[in-house]
Structure formats: C-alpha cells, structure tokens
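K.L.:
In the working numbering, the protein residues as written are 414 to 601. All residues carry an ideal CB built from backbone N, CA and C; glycine is no exception.
Rendered as structure tokens:
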C-alpha cells in the first residue's frame with residue numbers, strides 16, 4: 414500500500430467485518446524517538462491465539478470471498494522496511510489491537526496519506542459505529558469522537574449526512590496541519 418492511511422483503512426475494515434461497535438484509531442508521532450505509530454483497537458469478535466500466530470501469512474484469511482489476506486503482511490513489511498515493527502494482540506470475544514510502528518524519518522517509511530479523507534469516509538460509510546480518532550505529535554493531540562459528535566448534532570443530523578463527512582475532513586485536515594506547525598505542512 415502506498416501510504417499509512419490506506420493501511421489504516423484496511424485494518425479498520427477488518428474491525429468492521431469482525432462486527433466491532435467501537436473502533437479506536439491513533440496516530441502518534443514522536444520526533445525525539447523518531448517513530449510514527451498507527452494503532453487500531455476494536456471490540457469485535459477477536460481471534461484465537463492460533464490465528465494471531467498465522468495472520469501474517471498472506472494465505473491465511475478469515476474471509477470466504479477470497480483465499481488471500483494481504484493487509485497485515487503488507488503492513489508488517491512496510492513497517493519493517495522503515496525500521497519498525499507490528500504488534501498484534503487479540504482475544505476471542507473481546508477484540509483486537511494492532512499497532513504498527515514506523516521509523517518517522519526513515520526514507521522507506523510510506524507517507525502518512527490523507528488521514529482526514531480516510532476517517533471521513535469510514536464514519537460516513539459506518540454511521541452506526543463509534544469511532545475515536547486521536548492524533549498525537551510530541552505531546553500535543555487532537556481528538557475526534559463520534560459520541561461527542563452525536564451529542565452535538567442531536568438525532569436530526571445522522572453521521573451518514575455528507576455535510577458531516579465534509580466537516581470531519583476539514584476539521585482533521587486543519588488540525589493535523591496545525592500539529593505540524595501550520596500552513597506550510599502538506600498532510601499527504
């Protein structure tokens with residue numbers, strides 16, 4: 414995959430297929446440690462210890478529509494190429510957590526990608542799920558939580574409304590740029 418936001422989309426889609434109702438996504442940039450991490454946690458079906466051990470094999474998938482699952486192997490490969498790693502923990506009936514750590518300034522790290530567009534699309538396409546997105550950079554953070562959005566919007570404005578997706582896009586774009594010091598930073 415060409416950027417981290419596409420990895421995030423793939424992993425969150427796994428959470429949706431696992432019937433998660435609550436999905437937390439975190440991107441953390443630490444310039445002192447020279448790391449960028451992307452973590453997705455959910456309360457879906459979870460995986461058996463045996464499946465967790467085998468999930469990095471591209472020929473292991475829980476899907477019935479195809480016989481290969483490349484998402485986690487590609488994520489692991491991209492993380493390792495940049496000097497990072499992937500940690501996957503899961504418990505049947507409780508959920509899954511996957512963290513990918515990349516070398517922040519490593520030339521082989523994929524770009525962050527369009528996180529704002531990815532999160533807006535995920536919320537728009539899954540309006541009944543709860544999402545919490547946190548983006549940290551050197552101690553500062555922004556948070557987007559669909560529970561808070563529902564509270565503010567009330568029942569008359571569903572999260573599937575395109576104007577909500579546009580607001581999410583603009584909010585995240587503006588605040589991610591702000592985390593990086595202002596207008597000269599290009600998020601993609």
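Ignoring anything shorter than 4 residues or poking outside the region 477-535, list the alpha helix (DSSP H) runs there in chain order.
P.N.:
484-494
K.L.:
For residue 587, which of helix, strand or coil comes out of DSSP?
P.N.:
If DSSP states are grouped into helix, strand and coil, residue 587 belongs with the helices.
K.L.:
In whole angstroms, what is the alpha-carbon distance linking residue 516 and residue 484?
P.N.:
19 Å
K.L.:
Please confirm whether residue 501 and residue 449 have their CB atoms less than 9 Å apart.
P.N.:
no
K.L.:
Hey, quick one: how far does the beta strand (DSSP E) through residue 427 stretch, first residue to last?
P.N.:
Careful: residue 427 lies outside any beta strand (DSSP E), inside the alpha helix (DSSP H) at 417-430.
K.L.:
Can you round the beta-carbon distance between residue 543 and residue 582 to whole angstroms, since I take them to be within the 8 Å contact cut?
P.N.:
Contact flag wrong, Cβ pair sits at about 19 Å.
K.L.:
For the alpha helix (DSSP H) holding residue 563, just list the boundary residues, first then last.
P.N.:
559-566
K.L.:
Locate the beta strand (DSSP E) running through residue 545, then write down its first and last residues.
P.N.:
543-550
K.L.:
Would you say the region 456-465 touches the region 488-499, given that touching needs at least three Cβ pairs under 8 Å?
P.N.:
no
K.L.:
I'd like the list of long-range same chain contacts for residue 431, defined as Cβ closer than 6 Å, with 5 residues on each side in sequence excluded.
P.N.:
457, 458
K.L.:
Please list, in chain order, all residues of the same chain as residue 434 whose beta carbon is under 7 Å from its beta carbon, the five residues on each side excluded.
P.N.:
456, 542, 543
K.L.:
Is it buried or exposed, residue 509, if we count other Cβ atoms within 10 angstroms and call 16 or more buried?
P.N.:
Per the 10 Å Cβ criterion, buried.
K.L.:
Who pairs with residue 573 in a beta bridge, going by DSSP?
P.N.:
Under DSSP, residue 573 shares a beta bridge with no residue.
K.L.:
Is the beta carbon of residue 532 less than 9 Å from the beta carbon of residue 438?
P.N.:
In this structure, residue 532 lies near residue 438, with their beta-carbon atoms less than 9 Å apart.
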